[in-house]
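Each remark here refers to the structure printed beneath this line.
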Amino acid sequence: MPQRGPRLKRIRRLGTPLPGLTRKAPEWKSYPPGAHGPDPKRRRSTPYRARLDEKQKLRWNYGVSERQLRTYFEQAAHSGGVTGEELLALLERRLDNVVFRLGFAPTIPAARQLVAHGHIRVNGARVDRAGFLVKPGHSVAVGPRGRAIPDVMTAVERGPEVRLPGYLALDPSDKFTGRVVATPMRGDVPFVVEVAAIVEFYAR
1 MPQRGPRLKR IRRLGTPLPG LTRKAPEWKS YPPGAHGPDP KRRRSTPYRA
51 RLDEKQKLRW NYGVSERQLR TYFEQAAHSG GVTGEELLAL LERRLDNVVF
101 RLGFAPTIPA ARQLVAHGHI RVNGARVDRA GFLVKPGHSV AVGPRGRAIP
151 DVMTAVERGP EVRLPGYLAL DPSDKFTGRV VATPMRGDVP FVVEVAAIVE
201 FYAR
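Numbered per the UniProt record's numbering, the sequence shown spans residues 1 to 204.
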């Protein structure tokens, strides 16, 4: 069974819900996790810490390593577009995130398991890489065996945990199938993040 406690501590530390990480909401307090009350001696946040926290939002919500996130940043920086916007689009295009956003799994970690176990099809072909990048025109569906998994059935009946983004559409004739209809935009990200601070963090 997954350890949910550390996930809630991470969210509480950042002060922002991260829907991809967990469905549970932490008990918001005015002092950090691990403390038993407000600490008047606690250092104020520095500009570096603020930039670090924004970067951690992406890492923890999308479940990527520091190396992976830096690679995405470098790819975004060389894309010819606006670096921050391109970075968010790359993360939203990850297959595990798309499976989550379509409502086939309650969290991104759960979606990653579905992908890793071969239950997800892209354009009819099995894809078991969570970091596979979808693009407009791709169909994403749960395979035959995956449709019989109780947790998947429950997730699909509940519907997406957060608003279905504009770059995705569910098949009205098959609730286990969706389609990528556009490139993700900044407004499709389901949590508050200062992407300019992340660009500054990596550009330092």
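C-beta: ideal position from N, C-alpha, C; glycine also.
For residue i, the three-state DSSP class (helix, strand or coil)
i: residue 206; result: The chain is shown only over 1 to 204; residue 206 falls outside these bounds and no answer can be derived.
i: ILE149; result: coil
i: LYS29; result: Since pLDDT at LYS29 reaches only 48, below the 50 mark, its modelled position is unreliable, and no value is offered.
i: ASP128; result: coil
i: residue 245; result: Given a span of 1 to 204 for the chain in the structure shown, any question on residue 245 remains unanswerable.
i: THR177; result: strand
i: VAL189; result: coil
i: ALA111; result: helix
i: THR183; result: coil
i: VAL122; result: strand
i: VAL140; result: strand
i: LEU52; result: helix
i: ARG163; result: coil
i: PRO2; result: Confidence is the limiting factor: at PRO2 the pLDDT is only 41, short of 50, which leaves the residue's position unreliable and the question unanswerable from this model.
i: LEU21; result: coil
i: ARG93; result: coil
i: ALA169; result: strand
i: THR83; result: helix
Sub-8 Å separation of residue i and residue j beta-carbons
i: ARG93; j: ALA130; result: no
i: PRO160; j: LEU88; result: no
i: PHE100; j: ALA116; result: no
i: LEU69; j: ARG59; result: yes
i: VAL195; j: GLY63; result: no
i: VAL156; j: LYS175; result: yes
i: PRO19; j: PHE191; result: yes
i: GLY14; j: LYS57; result: The residue you asked about is not Gly; residue 14 is Leu in the sequence shown. Yes, they are a contact pair.
Own chain, CB closer than 6 Å to residue i, minus 5 neighbours either side, in chain order
i: LYS55; result: ILE198, PHE201
i: GLY143; result: HIS119, ARG121
i: ALA169; result: ARG179, VAL181
i: PHE73; result: LEU87, TYR202
i: PHE132; result: LEU95
i: ALA77; result: THR83
i: ARG186; result: GLU85, LEU88
Length of the line joining the Cα atoms of residue i and residue j
i: THR154; j: LEU21; result: 18 Å
i: ARG158; j: HIS138; result: 24 Å
i: LYS29; j: ALA125; result: Because the pLDDT at LYS29 is just 48, under 50, the model does not fix this residue reliably, and the value given afterwards should be weighed accordingly. Between LYS29 and ALA125, the C-alpha separation is close to 46 Å.
i: ASN97; j: TYR48; result: 28 Å
i: GLY146; j: ARG204; result: 44 Å
i: ASN61; j: LYS135; result: 21 Å
i: ILE149; j: LEU102; result: 16 Å
i: GLU66; j: GLN75; result: 14 Å
i: residue 206; j: THR16; result: An answer regarding residue 206 cannot be provided, because it is not within the stretch 1 to 204 covered by the chain.
i: GLN113; j: VAL193; result: 26 Å
i: GLY81; j: SER45; result: 31 Å
i: SER173; j: ALA50; result: 45 Å
Own chain, CB closer than 7 Å to residue i, minus 5 neighbours either side, in chain order
i: THR177; result: SER139, ALA141, ASP171
i: ASP188; result: GLU92, PRO165, GLY166, TYR167
Same chain, Cβ closer than 8 Å to residue i, five either side skipped, listed in chain order
i: VAL127; result: LEU95, VAL115, ILE120, ARG121
i: ASP151; result: ALA105, PRO106, ALA110
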